[in-house]
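Residue numbers (our numbering): 1138 to 1491.
Structure first, commentary second.
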Ligand code: NAD
Ligand code: ZN
C-alpha cells in the first residue's frame, strides 16, 4: 500500500507507512536513520520484551547509536515527572538537535515521547512507531503530543509533527482484546463521521473483514485523519468532527474516575447515545443509531448509558478546557458518513447527555 503523504505546510512533509511486516524490514528506513548520530527509543515495559530488541538492532545497523528507555506502562506515566526523568536521560546521553527520538508503543508512549522531543532543546526530531490499534489510527497521526496534570488529561502539550509514522498492523496480534476493541471504537468513529464505505465494511463484516483487512482499514483511518488534520491542524473547525462521541465519552471517563470505562468504551457509548438523541430531534436520519449499536455489539463495545447525576455531569462538563464561553460545539451525524457541527448553549447540551 502506498504511504500516506502528509503535507501540513509547504515546507513540512512526512509519510505514514501502513504495511504488514514493515517492522521486519526497517532497513528500508536506513537513509532516514543514517541522518542521525544517536537515537533514543522510548517504549513501555509491556512492549519492550515483544519488539524492542529487534527494532533497536535494526536502527543500530543503520549506523545510529541507540539508547533504550523503558517506562512503566499505563496512563500515569504520561506526567511531567516522567517527562523530567526523560529529559535527564537525554542530557546524560548528550542528545543534540541532530539526534532522534523513536516512540515505540501505544498512545501513552507516543504522547509522552513526542512531548519530550518537542520540548527538549526546543525540539528534536521524532518518529512514531505506534503499536496499539488506537495509536495506529488516531494518536500517532495529527501531531498532538502532551502529558496529563492531576487536574485533567492532556492539559500540557504542543502540536509537533513527527518525521515519519511507521505502522505495522502485525503487532496488533499481541494486543489484549480489550485494547483492540478500544481501537475499534475510533475506527467506527471514522466510518460514522466521514466514510460510509468504511462503515458498511464493518457493518456487514462476518468476522473476516476486520481480521484480514486490518492493514487496509488502518490505512483508510490514517488517510481520513490526515485529510482532516491538513485542513485544520489546530482544531479551528473541521478537526472538531474527530470529537464525535467524545463529549459524552470524556464525561463518562471522568465520572467514574477513569476506572469503569476505557476511553474507547466511553466513546462507544457516547456515539450511540448522542445519535439516539439527535435522531429524536430530527437532526439524524432514522435508523442510524441502530446501525451504530449493531457495529458496537459486534466489536464487544458497550452502548448503554449508565445512570448519571445531573449535578456531577455539569461539574465535569463545565470545568473542561474545551467548554469555556457560552456556546459549545457538539458533533452530530446527519447520516452515516456525514457529520455536522452544532453550536448549542449549556442547557441544550445537558439535554443531549442526560
Ligand atoms: P497505551 O499506550 O496505554 O497502551 C495500552 C496497553 O497496551 C498498554 O498496557 C501497553 O503496554 C500495551 N501495548 C501496546 N502495544 C502493544 C502490543 N503491540 N502488544 C501488547 N501490548 C501492547 O494506550 P493507548 O490506548 O494506545 O493510548 C491511550 C493514550 O493515547 C491516552 O493517553 C490518550 O490521551 C492518548 N491519545 C492521544 C491522541 C493524540 O492525538 N495525541 C489521540 C487519542 C488518544
Ligand atoms: Zn478518542
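Note that beta-carbon positions come from the ideal geometry of N, C-alpha and C, so glycine has one too.
Here the structure is a predicted model, which means the values were calculated and not measured.
8 Å Cβ cutoff met for residue i and residue j
| i | j | result |
| --- | --- | --- |
| residue 1441 | residue 1470 | no |
| residue 1181 | residue 1207 | yes |
| residue 1261 | residue 1234 | yes |
| residue 1305 | residue 1183 | no |
| residue 1138 | residue 1159 | no |
| residue 1268 | residue 1243 | yes |
| residue 1193 | residue 1177 | no |
| residue 1282 | residue 1248 | yes |
| residue 1363 | residue 1143 | yes |
| residue 1467 | residue 1454 | no |
| residue 1250 | residue 1153 | no |
| residue 1496 | residue 1302 | Shown here, the chain extends from 1138 to 1491; a query on residue 1496 therefore has no answer. |
| residue 1378 | residue 1330 | yes |
| residue 1189 | residue 1258 | no |
| residue 1328 | residue 1335 | yes |
| residue 1322 | residue 1438 | yes |
| residue 1288 | residue 1230 | no |
Continuous alpha helix (DSSP H) stretch holding residue i: start and end
| i | result |
| --- | --- |
| residue 1228 | 1217–1229 |
| residue 1406 | 1400–1417 |
| residue 1248 | 1244–1256 |
| residue 1388 | 1383–1392 |
| residue 1311 | Here residue 1311 belongs to no alpha helix (DSSP H), and DSSP marks it neither H nor E. |
| residue 1332 | Careful: residue 1332 lies outside any alpha helix (DSSP H) and carries neither H nor E. |
| residue 1196 | 1190–1198 |
| residue 1343 | Note, residue 1343: premise wrong, no alpha helix (DSSP H); not H, not E. |
| residue 1450 | 1447–1456 |
| residue 1423 | Unbroken run through residue 1423: none, as it is neither H nor E. |
| residue 1441 | From DSSP, residue 1441 is part of no alpha helix (DSSP H); its letter is neither H nor E. |
Sheet register partners of residue i (DSSP bridge)
| i | result |
| --- | --- |
| residue 1320 | DSSP, once it has assigned bridges, lists no residue as partnering residue 1320. |
| residue 1294 | 1283 |
| residue 1205 | 1178 |
| residue 1470 | 1476 |
| residue 1262 | 1237 |
| residue 1154 | 1303 |
| residue 1289 | 1286 |
| residue 1141 | 1153 |
| residue 1465 | 1481 |
Close Cβ partners of residue i (< 7 Å) along its chain, the five nearest in sequence each way excluded
| i | result |
| --- | --- |
| residue 1338 | 1346 |
| residue 1430 | 1409 and 1440 |
| residue 1317 | 1270 and 1309 |
| residue 1187 | 1311 |
| residue 1399 | 1315 and 1319 |
| residue 1490 | 1385, 1388 and 1450 |
| residue 1286 | 1292 and 1293 |
Close Cβ partners of residue i (< 8 Å) along its chain, the five nearest in sequence each way excluded
| i | result |
| --- | --- |
| residue 1421 | 1412, 1415, 1469, 1470, 1471 and 1472 |
| residue 1482 | 1463, 1464 and 1465 |
Rounded distance between the beta-carbons of residue j and residue i, thought under 8 Å
| i | j | result |
| --- | --- | --- |
| residue 1450 | residue 1388 | 6 Å |
| residue 1385 | residue 1406 | 7 Å |
| residue 1326 | residue 1382 | 6 Å |
| residue 1332 | residue 1140 | Rounded, the Cβ-Cβ distance is 19 Å, inconsistent with contact. |
| residue 1445 | residue 1392 | 6 Å |
| residue 1252 | residue 1220 | 6 Å |
| residue 1359 | residue 1284 | Not a contact, Cβ separation roughly 24 Å. |
Beta-carbon contacts of residue i that lie in its chain and below 6 Å, excluding the five residues immediately before and after
| i | result |
| --- | --- |
| residue 1368 | 1375 |
| residue 1254 | 1238, 1261 and 1263 |
| residue 1272 | 1243, 1244 and 1247 |
| residue 1171 | 1199 and 1200 |
N- and C-terminal bounds of the beta strand (DSSP E) containing residue i
| i | result |
| --- | --- |
| residue 1269 | Element bounds for residue 1269: n/a, residue is neither H nor E. |
| residue 1478 | 1475–1481 |
| residue 1303 | 1301–1304 |
C-beta neighbour in chain C for residue i, strict 8 Å
| i | result |
| --- | --- |
| residue 1273 | In the structure shown, chain C cannot be found, because there is only a single protein chain. |
Residue i beta carbon near the ligand NAP (any heavy atom closer than 7 Å)
| i | result |
| --- | --- |
| residue 1308 | Of the ligands one can find in the structure shown, namely the ligand NAD and the ligand ZN, none is the ligand NAP. |
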